[in-house]
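Chemist: Chains as they are written, first to last, in the working numbering: chain H, 31 to 286; chain Z, 1107 to 1505.
1. Check whether the Cβ atoms of residue 1382 of chain Z and residue 1368 of chain Z sit closer than 8 Å, and answer yes or no.
2. Three or more beta-carbon pairs under 8 Å between the segment 1455-1464 of chain Z and the segment 91-108 of chain H, yes or no?
3. 8 Å is my cut-off, CB to CB: does residue 248 of chain H come that close to chain Z?
4. Using DSSP with H/G/I as helix, E/B as strand and the rest coil, what is residue 72 of chain H?
5. How would you write the range of the alpha helix (DSSP H) that residue 1427 of chain Z sits in, first residue to last?
6. What number of angstroms, rounded off, separates the C-alpha of residue 1488 of chain Z from the C-alpha of residue 1448 of chain Z?
7. Can you look up residue 1183 of chain Z in the DSSP assignment and give me helix, strand or coil?
8. Let's test the definition: count the other Cβ atoms within 10 Å of the Cβ of residue 55 of chain H and tell me whether it reaches 16, buried, or not, exposed.
9. Within the 8 Å Cβ cut-off, does residue 1437 of chain Z reach chain H?
10. Give me the subset of the segment 1412-1446 of chain Z whose CB atoms are less than 9 Å from a CB atom of chain H, sorted by chain position.
11. Does any CB atom of chain Z fall closer than 8 Å to the CB of residue 103 of chain H?
12. Can you check whether the C-beta of residue 239 of chain H is within less than 8 Å of a C-beta belonging to chain Z?
13. Taking 8 Å as the threshold, find out whether the segment 220-234 of chain H comes into contact with the segment 250-264 of chain H through three or more Cβ pairs.
14. With 16 other CB atoms within 10 Å as the buried threshold, where does residue 91 of chain H fall?
15. With 7 Å as the C-beta to C-beta threshold (strictly closer), list the residues of the segment 205-235 of chain H near chain Z in chain order.
16. Given this structure, state the Cα-to-Cα distance separating residue 1490 of chain Z from residue 271 of chain H, to the nearest angstrom.
17. Closest by CA to residue 1187 of chain Z, which one among Z:1270, Z:1129 and Z:1245?
18. Any beta-carbon of chain H closer than 8 Å to the one on residue 1474 of chain Z?
19. Roughly how many angstroms lie between the CA atoms of residue 1380 of chain Z and residue 1344 of chain Z, to the nearest whole one?
20. In this structure, does DSSP put residue 1209 of chain Z in helix, strand or coil?
21. Going by CA-CA distance only, name the one from Z:1198, Z:1503 and Z:1404 that's closest to residue 1421 of chain Z.
22. With distances taken Cα to Cα, identify the nearest neighbour of residue 133 of chain H among H:163, H:168 and H:87.
23. Going by DSSP in three states, residue 1173 of chain Z sits in which element: helix, strand or coil?
24. In its own chain, which residues sit with a C-beta less than 7 Å from the C-beta of residue 62 of chain H, not counting the 5 before and 5 after it?
25. Assess, as a yes-or-no matter, whether the segment 1421-1435 of chain Z is touched by the segment 1384-1396 of chain Z under the definition of 3 or more beta carbon pairs within less than 8 Å.
26. Whose C-beta lies closer than 6 Å to the C-beta of residue 171 of chain H among residues of the same chain, with five residues either side of it excluded?
27. In chain H, which residues lie less than 7 Å from residue 1453 of chain Z when you measure between Cβ atoms?
28. How long is the line joining the alpha carbons of residue 1137 of chain Z and residue 1467 of chain Z, rounded to whole angstroms?
29. Can you name the residues of chain H whose CB is closer than 9 Å to the CB of residue 1460 of chain Z?
30. Measuring straight from C-alpha to C-alpha, what distance separates residue 1177 of chain Z and residue 1229 of chain Z?
31. Using CA coordinates, which residue listed in Z:1484, Z:1495, Z:1475 and Z:1410 is at the minimum distance from residue 1439 of chain Z?
32. From which residue to which residue does the alpha helix (DSSP H) around residue 146 of chain H run?
33. Could you check the C-alpha separation between residue 1110 of chain Z and residue 1172 of chain Z for me, to the nearest Å?
34. Suppose the cutoff is 6 Å on Cβ atoms and the five residues either side in sequence are ignored; what does the same chain contact list for residue 147 of chain H look like?
35. Are the beta-carbon atoms of residue 1233 of chain Z and residue 1195 of chain Z separated by less than 8 Å?
36. Could you work out which residues of chain H lie near residue 1464 of chain Z, taking near to mean beta carbons separated by less than 9 Å?
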């Protein structure tokens, strides 16, 4: 057997490590990629940076064996895209950073430029111009960074904590349709920072809110009728070591 | 003091409506014709009909101004609602006399008619002392007013009755009987409509017929008003002019994009256009700048429509970036679109075989949104409320 054949066999074996009920979804993602670029909203429509970053994130979670290869290829496309057109929004900068990190490009000049762009986009942290969702996405994007870079995003973490400390925590609008996704994303973004006392308290408060909503309204609540919101809540609960397994399983069943 | 005198004044304040009356050229032509006919003792009584906020009161004020410029005595009174016909006519008559007295005082040195109206005995007026509304009394009292104003040199009187949809059936009937005998009066009644179904003149006529029918089917009372003046929404061009006209020679100007946004969110309704422009102007002034920007418009919008924005933000938080793009595109249009129309707009370069399945997916996204924002008819989707449309558009923007 040639080396190439061995590698193909190994790759096929690794693909079988992906849970069976997600294998078709993973295959669909590979099929839906625009050749030489990334992913669009739907197959064969123009590539979009944020969608591409989400797909790479999903493949990383699945530990798909082709993630690394795809991340390198997509990151090259994204870098070229960046050179042609500077990121116009904070979310574009976050998408580019996610792709660079997936390609393990963390210390070079390019990621530093991206970090600087994102810091500039988030400079009015204490105003309504930066939503809690975007702030949480920015903190989440820093997860793979080494500590020396993470220190520089402390103001983002502090602001996310400050917003979670108010009377209504992260659910200011008192609308579960908004509060559940916002709280879930904030909880997940802050989970790696729980060693800080203030962070632990707001994360705990956020988790209590999610639990109380699920106990009162259940997973069938109208606010969780979309798979996107459902996924966000499940991923937030996954960070909670004390989450009741039955509660988590019910949500997972619904997603399946 | 000099700096105070030069302070810019918000040209969108309520009192400026007459000064900046725009966009109703056809209606003004009708008024000119009606005044000409009145001078020939051939009064053609009119009604001005429109849904709330279309500028009925401003139109009546403009008519009063036009009549006075032609040396015709003109007054505007508003009808009281929830009272019987007799009380309604009495209250209206008293308001009429007070306004005529203002002119009497100006020209003859003292008021006259209200004192006569309140006289307990020997009053030339018949309505106050009568136990019920009688046609003859109304005719006699209007004749007396006609004679008094003639002494002041006025041969005609234009009576603009605002909130005319409140008129009691027998009050309308009595008014008709009196006016048929008097050629020196022109009555113009404003009629507020709940809905105009695209034809305010017809809707106004139906409303008057409905009122008249309740007075023993005195349909002649409705036919007294030979013509209707309909007030629809402003066209985009009229709406723009409504704003720019008031900003002529003003230190503050509005960015073109701001004018477009006001026109769009107010959906051509004159009172809403003025209300938004008023607040944008105030914020611009408070920001100590001389140009109203889109950012200032947004601040105004956010302050005015918190509920709609909260709902839109909740929807945004629940949506993927792809869904947000779809909803933002839908919110940019004020006409119903099929999912395929939307797919074509979102992915203009994609081929037809790609767009078909995409359209199916978009249909799913739109169906999940719910009718707070999105309604569908015959497979076409629309955000019908212009305020929610803009709230949705800005909440779905990438940050």
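Cβ atoms here follow ideal geometry from the backbone N, Cα and C, with glycine treated the same way.
Modeler: If we stick to the structure as given:
1. Yes, they are a contact pair.
2. With a cut-off of 8 Å, the segment 91-108 of chain H and the segment 1455-1464 of chain Z do not count as touching, because too few Cβ pairs lie within range.
3. No, residue 248 of chain H lies away from the interface with chain Z (no Cβ there is under 8 Å from its Cβ).
4. Under the three-state reduction of DSSP, residue 72 of chain H is assigned to coil, being neither helix nor strand.
5. That run of the alpha helix (DSSP H) goes 1427-1437.
6. One C-alpha to the other measures close to 11 Å.
7. Looking at residue 1183 of chain Z - three-state DSSP - the assignment turns out to be strand.
8. Residue 55 of chain H should be labelled exposed.
9. Residue 1437 of chain Z has a beta carbon lying at 8 Å or more from every beta carbon in chain H.
10. Taking 9 Å as the upper bound on Cβ-Cβ separation, chain H lies near residues 1416, 1417, 1419, 1420, 1421, 1422, 1423, 1424, 1425, 1426, 1427, 1428, 1429, 1431 and 1432 of the segment 1412-1446 of chain Z.
11. No, because no Cβ of chain Z sits closer than 8 Å to the Cβ of residue 103 of chain H.
12. No, no contact with chain Z.
13. The segment 220-234 of chain H is not in contact with the segment 250-264 of chain H.
14. Under this definition residue 91 of chain H is an exposed residue.
15. Listed by position along the chain: 205, 207, 208, 211 and 212.
16. Cα-Cα distance, rounded: 46 Å.
17. If you compare the alpha carbons of Z:1270, Z:1129 and Z:1245 with that of residue 1187 of chain Z, the shortest gap goes to Z:1270.
18. At least one C-beta of chain H is nearer than 8 Å to the C-beta of residue 1474 of chain Z.
19. Here the alpha carbon of residue 1380 of chain Z sits roughly 13 Å from the alpha carbon of residue 1344 of chain Z.
20. Here residue 1209 of chain Z sits in helix by DSSP.
21. Measuring C-alpha to C-alpha distances from residue 1421 of chain Z to each of Z:1198, Z:1503 and Z:1404 identifies Z:1503 as the nearest.
22. Of the listed residues, the one whose Cα sits closest to residue 133 of chain H is H:87.
23. The answer is helix: DSSP assigns residue 1173 of chain Z an H, G or I state.
24. Hits under 7 Å: 69 and 73.
25. With the cut-off at 8 Å, the segment 1384-1396 of chain Z and the segment 1421-1435 of chain Z do not touch.
26. So the list reads 124, 127 and 128, once near-sequence residues are dropped.
27. Here the neighbours are 75 and 76.
28. C-alpha separation (whole angstroms): 55 Å.
29. For the C-beta of residue 1460 of chain Z, the chain H residues within less than 9 Å are, from N- to C-terminus, 72, 73, 74 and 75.
30. Using only the alpha carbons, I get a separation of about 29 Å.
31. Answer by Cα proximity: Z:1495.
32. Start and end: 139-151.
33. Summary for residue 1110 of chain Z: the model assigns pLDDT 46, below 50, so the residue's position carries little reliability; its value from the coordinates is reported in the next sentence. Cα-Cα distance, rounded: 33 Å.
34. Excluding sequence neighbours, residue 147 of chain H sits near 117 and 123.
35. A contact, by the Cβ cut-off of 8 Å.
36. Going along chain H in sequence order, the residues near residue 1464 of chain Z (Cβ under 9 Å) are 71, 72, 73, 74 and 75.
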